[in-house]
Structures are given as structure tokens and as C-alpha cells.
Amino acid sequence: MTFSFDSAAYGASAEALIGSADLCELGPGIQNRSATPALRALDDSLLFGGKSVSDRDMAASCISGLWLLHNFLDASHTISQDIHTTTGSYWHGIMHRREPDFSNAKYWFRRVGDHEIFPSLNAAAAEIARNSTTDDRSQFLTKQRAWDPFAFIDLCELATLGKTDETLPRSIAQLEWQMLFDFCYRQAIGAS
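Position 3 of the sequence shown, counting from 1, maps to 3 under my numbering, and the rest follow consecutively.
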């Protein structure tokens with residue numbers, strides 16, 4: 001099954017915030033200050049459009065992810081560090097990967113373990129890599145049998161240092177954000 005991301009599936013508030021964001025950065029990026037009022041206004045009621053929230057940690061994870069999407073790393077960090085789940089650790093790890101604090105990102109990904117989105121992410125990343133120009137440093141994406149967040153952190157580090165092209169890792173980081181946000185949103189409202 002191919003993953004398809006439709007920002008309209010997450011309600012008007014999320015759709016507007018997702019639609020106004022650029023492709024995920026590998027580094028800190030420039031904060032999208034025009035999104036600040038909408039991000040500050042987010043709460044469960046606004047984000048989930050009146051749908052009943054059954055998992056508050058997953059709802060908070062969605063909000064953390066939206067702050068991160070708009071390059072507000074500190075705001076995302078403040079939220080994710082208080083989510084004591086594997087998914088909270090995942091958002092926390094992405095934030096540190098983008099700081100960039102690669103060793104700290106690896107610490108948080110060790111806490112993630114084997115996340116539920118990893119199989120789908122691995123398959124989709126391999127497909128993107130097969131349809132992209134890869135070099136020796138990114139070729140592993142086409143061959144790995146399971147998602148390796150540590151190898152991806154290393155690839156992101158190489159890209160931020162200019163040692164490999166950033167196009168492929170940015171595309172995969174975008175896909176990762178979308179898959180993780182989708183997972184969190186569905187879990188927050190108890191949808192499968």
C-alpha cells in the first residue's frame with residue numbers, strides 16, 4: 001500500500017498550517033512567523049474540529065509536529081519533551097536531528113525503538129531513493145530491510161555539511177513528517 005498524504009483529511013486548521021509550510025528542512029530552518037498566531041491558537045478543539053480526542057499524548061504530538069514543520073524548534077521541543085511515549089521521543093529526536101545535535105537525536109531514537117511507522121517509512125523511502133539520484137552515501141536507502149533512523153541521521157548530517165545532496169534526505173524527512181503526523185492524528189481520535 002502506498003502512503004498518500006492529504007492535508008484536508010486533518011481539518012481546516014491543520015490543512016492551513018500544513019499548506020503554508022515549506023518542504024521540511026534538515027537543519028533549523030527559518031521560523032515561519034506568519035504561522036505563529038495560528039500555532040499559538042491550536043488546541044484539541046481547534047485542531048481536531050470537534051472530534052473527540054481519546055489520546056492526549058498523540059494530540060500533543062500533532063501540535064509539536066506542526067510547530068516543528070514551521071521551524072519553531074524550541075516550541076516543538078517544549079511540547080515533545082513532556083510526551084513520555086515512543087512517539088513523543090520520535091518528535092523529540094527529529095527536533096534534535098534538525099538543531100543539529102546528531103548525537104542527541106540518536107539518543108532519542110534509541111528511546112523510540114521500533115516505531116509503528118518504520119515499515120511503511122522504509123518502503124516509501126526506498127521507492128523515493130530508487131526514483132532519485134543516489135550516491136554511495138544514500139544507496140543504503142534502496143537496500144535496507146528495515147528503517148534505520150541512525151543511518152538516516154548520518155545521511156542528514158552529511159547533507160547539512162554539504163557532503164551529499166540534500167534533495168533526497170529532505171524529501172524523505174517530509175515523508176517521515178507526514179507519516180508521523182498522520183499516525184498521531186489517527187491515534188489521537190481513536191481512528192485506525
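Just so you know, even glycine gets a beta-carbon here, dropped at the ideal spot from N, CA and C.
Let me confirm a value: residue i is counted as buried when at least 16 other C-beta atoms fall within 10 Å, else exposed. Which label applies?
i      : result
Met1   : Per-residue confidence for Met1 stands at a pLDDT of 49, beneath the threshold of 50, marking its modelled position as unreliable; the derived number appears in the next sentence. By the 10 Å Cβ count, Met1 comes out exposed.
Arg97  : buried
Ile30  : exposed
Ser52  : exposed
Gly93  : buried
Pro169 : buried
Ala16  : exposed
Phe150 : exposed
Leu23  : exposed
Ser4   : exposed
Thr78  : exposed
Ala146 : exposed
Gln187 : buried
His84  : exposed
Ala173 : buried
Leu161 : exposed
Gln139 : exposed
Ala191 : exposed
Leu180 : buried
Ala124 : buried
What residue from the options has the CA that sits closest to residue i's CA?
i      : options                       : result
Leu26  : Asp74, Trp108, Leu69          : Leu69
Leu66  : Gly190, Asp182, Gly49         : Asp182
Leu158 : Gln174, Arg137, Ile83         : Arg137
Glu166 : Thr134, Phe150, Thr142        : Thr134
Ser171 : Ala38, Lys163, Cys156         : Cys156
Gly105 : Arg145, Tyr10, Phe152         : One detail in the question is off: residue 105 reads as Ala in this sequence, not Gly. That would be Phe152, whose Cα lies nearest to the Cα of Ala105.
Asp148 : Thr36, Ile117, Asp43          : Ile117
Thr36  : Pro28, Ala173, Ala21          : Ala21
Ser13  : Pro28, Asn32, Leu42           : Leu42
Trp108 : Gln81, Ile128, Ala126, Asn131 : Gln81
Ile128 : His115, Asp114, Lys143        : Lys143
Arg110 : Ala126, Glu99, Trp91, Pro100  : Trp91
Asp74  : Thr164, Ala9, Pro100          : Pro100
How many whole angstroms separate the CB atoms of residue i and residue j, which I take to be in contact at a CB cut-off of 8 angstroms?
i      : j      : result
Met95  : Cys184 : Wrong, their Cβ atoms sit about 14 angstroms apart, outside the cutoff.
Thr87  : Ser103 : Contact doesn't hold; Cβ gap of about 21 angstroms is too wide.
Phe48  : Gly11  : 6 angstroms
Glu176 : Leu141 : Their Cβ separation, rounded to whole angstroms, is 12 angstroms, which puts Glu176 and Leu141 out of contact at 8 angstroms.
Ser76  : Ser89  : Between Ser89 and Ser76 the Cβ distance is about 13 angstroms, and since that is not below 8 angstroms, they are no contact.
Ala18  : Ser7   : Here the sequence assigns Ile to residue 18, which means Ala is not the residue at that position. Right, the Cβ-Cβ distance comes to about 4 angstroms (below 8 angstroms), so this counts as a contact.
Ser45  : Ile189 : About 12 angstroms; that fails the 8 angstroms criterion.
Contiguous alpha helix (DSSP H) assignments of at least 4 residues, all confined to the region 93-141:
Runs of the alpha helix (DSSP H) inside the region 93-141: 102-112, 118-130.
Every unbroken alpha helix (DSSP H) within the region 1-75, with a cutoff of 4 residues, ordered by chain:
With a minimum length of 4 residues, the continuous alpha helix (DSSP H) runs that stay inside the region 1-75 are 11-19, 36-41, 44-48, 56-69.
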